[in-house]
Amino acid sequence: MSSIRCTLLFFCLTFNLSSISATSSHLSLRHLRPRMMGGGMGGAGKKGPSEDMGAGGLPKMGGAGGGPPKMGGGPPGGAGGAGASGGAGAAGAAGGGGDAGAGGCGKYAIVSARGTGEKQKNPTGYAGFIKGLMKQVAGGTNYEVVYPATVDYNNGPKQGANDALKYITNRKGKCPTSKLVLIGYSEGAMVITQLLNKQGFPAESVSSIILYGNPYWIAGKQWNAGTAKSGKSIAAMTGIKLPPAFGPKTQDICLTGDMICCGGSMGPHLKYPGSQYEKEAVSYSAKMLNGGGPSTGGESGASGDAGGGAAAGGADSPKKGPGGGGAKPGGAKGGGAKGGGMKMGGMGRRR
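As numbered in mature numbering (1 follows the signal peptide of the UniProt record, and there is no 0), residues -22 to -1, 1 to 329 make up the sequence shown, in order.
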């Protein structure tokens, strides 16, 4: 029985490649069976060093991109990585990146830390931000920081910062040009702030930092956003602060009357999701990822570079300069299990 299945699988793969070669100009994603999206297929190397069509892969394996090994098929297209989860494909460039630990490198990773009481899986506080940014800027993946998110504010944020640093260090080793977007809500903002103060944190990888209802918020900082102009946060007495060097890449959002960041009640603390400030945070982070540069000020001596690759662009873009970045056409690696694809790398499963 297993030999019959292998024969059928080989026949299907051969047939699909032949069909694609004959009708590639008319092919759309709806022609692909869901089970084949696990491997996807490398895009045709339209302008890359090779015109070869990438081969489709088996589930949990990316397809091989057209072009030389270790390079995508050239824009559009790109090689699928061997990861278990794919990211969003970059428009007109390479297939999107899967998770760093699974073999794919995207343009950026959103590292998010939830607020007290939110569930580890699919927290809602900043879901709109993540969805909005991934829609505006392709090639992203999301890592949700693992930590208790309970009222143990002495140990919880510390655990979260350690977990985030471990993930980021691992990703940095495998995806050195991939950028970071950091977001924390309430206690999660404490996690992100402590992370930024940690020795060994790769500051050069940061593209933007978004904080909602930050217990460490300080009035009068140039990177502050939202309506609050005065007041005192509940954890200000700890002395833990955002390092000024990150100021030009930060939006520390506090709403007037938020008891956590400036004093008041809990009502305003729950109003960040879906607000105009969330939309502005999405636009700000997208601009930073695309090489637009900082739009908020920092303290004296602070400086920041909007990063996204070799020249303020993304690692998977075929262009150099603002909004471009990677020197390799088509990107070094494509999407993971559900990445790869045609003119846009397939939208992989976000963890």
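Using N, Cα and C, we set each Cβ at its ideal position, and we do this for glycine too.
Residues bridged to residue i by DSSP?
i, result
"VAL159", "ILE88, SER186"
"TYR121", "VAL89"
"THR228", "ILE187"
"LYS249", "Paired residues: none, contrary to the question."
"ASP130", "None, per the DSSP bridge assignment."
"ASP236", "SER243"
"LYS99", "The partner list for LYS99 (beta bridge, DSSP) is empty, contrary to what the question assumes."
"LYS210", "ILE196"
"ALA203", "ILE231"
Would residue i and residue j qualify as a contact pair, given that the criterion is a beta-carbon distance under 9 Å?
i, j, result
"ILE146", "LEU111", "no"
"GLU122", "ARG149", "no"
"ILE196", "THR228", "no"
"GLY209", "GLY245", "no"
"VAL124", "ASP141", "yes"
"TYR163", "GLU258", "no"
"GLY178", "TYR250", "no"
"GLY84", "THR119", "yes"
"TYR194", "ALA214", "yes"
With burial defined as no fewer than 16 other Cβ atoms inside 10 Å of the residue's Cβ, what is the status of residue i: buried or exposed?
i, result
"ASN268", "buried"
"GLU182", "exposed"
"ILE113", "One point to set straight first is that residue 113 is Lys, not Ile, in the sequence displayed. Result: exposed."
"VAL184", "buried"
"GLY166", "buried"
"VAL115", "buried"
"PRO101", "buried"
"SER211", "buried"
"PRO47", "Legend: pLDDT at PRO47 = 38, less than 50; position of this residue unreliable, value from coordinates given subsequently. That one is exposed."
"ALA129", "In the sequence as displayed, the identity of residue 129 is Val instead of Ala. With fewer than 16 other Cβ atoms within 10 Å, it is exposed."
"PRO154", "exposed"
"GLY82", "buried"
"ASP236", "buried"
Using CA coordinates, which residue listed in the options is at the minimum distance from residue i?
i, options, result
"SER156", "VAL124, GLY117, TYR163", "GLY117"
"residue 373", "ALA206, GLN172, ASP236", "Missing from the structure shown is residue 373; the chain here goes from -22 to 329 and no further."
"ILE231", "GLY178, ALA264, ALA214, ILE161", "ILE161"
"LEU143", "ASN175, PRO126, GLY270, ASP130", "ASN175"
"GLY138", "PRO154, GLN254, TYR194, VAL169", "VAL169"
"LYS265", "PRO226, GLN98, GLY235, LYS210", "PRO226"
"residue 330", "SER263, GLY82, ASN133", "This structure cannot settle anything about residue 330, because the visible part of the chain is limited to -22 through 329."
"LYS99", "GLY82, ALA127, GLY198", "ALA127"
"GLY252", "GLY271, ILE108, TRP201", "ILE108"
"GLY103", "GLY270, SER261, GLY271, LEU248", "LEU248"
"TYR255", "GLY271, THR205, ILE238", "THR205"
"THR234", "LYS207, GLY270, GLY106", "LYS207"
"CYS239", "LYS136, GLY106, TYR86, ALA203", "ALA203"
"PRO135", "ALA105, SER90, GLY106", "SER90"
"LEU189", "THR216, PRO180, TYR262", "TYR262"
"GLY106", "VAL260, GLY271, GLY270", "VAL260"
"TRP201", "GLY270, PRO221, TYR86", "PRO221"
"TYR131", "GLY270, THR216, GLY271", "THR216"
At a Cβ threshold of 9 Å, is residue i touching chain B?
i, result
"LYS97", "Note that chain B does not occur in the displayed structure, where there is just one protein chain."
Would you say the beta carbon of residue i is closer than 8 Å to some non-hydrogen atom of the ligand GDP?
i, result
"ALA197", "This structure lacks the ligand GDP; in fact it carries no ligand of any kind."
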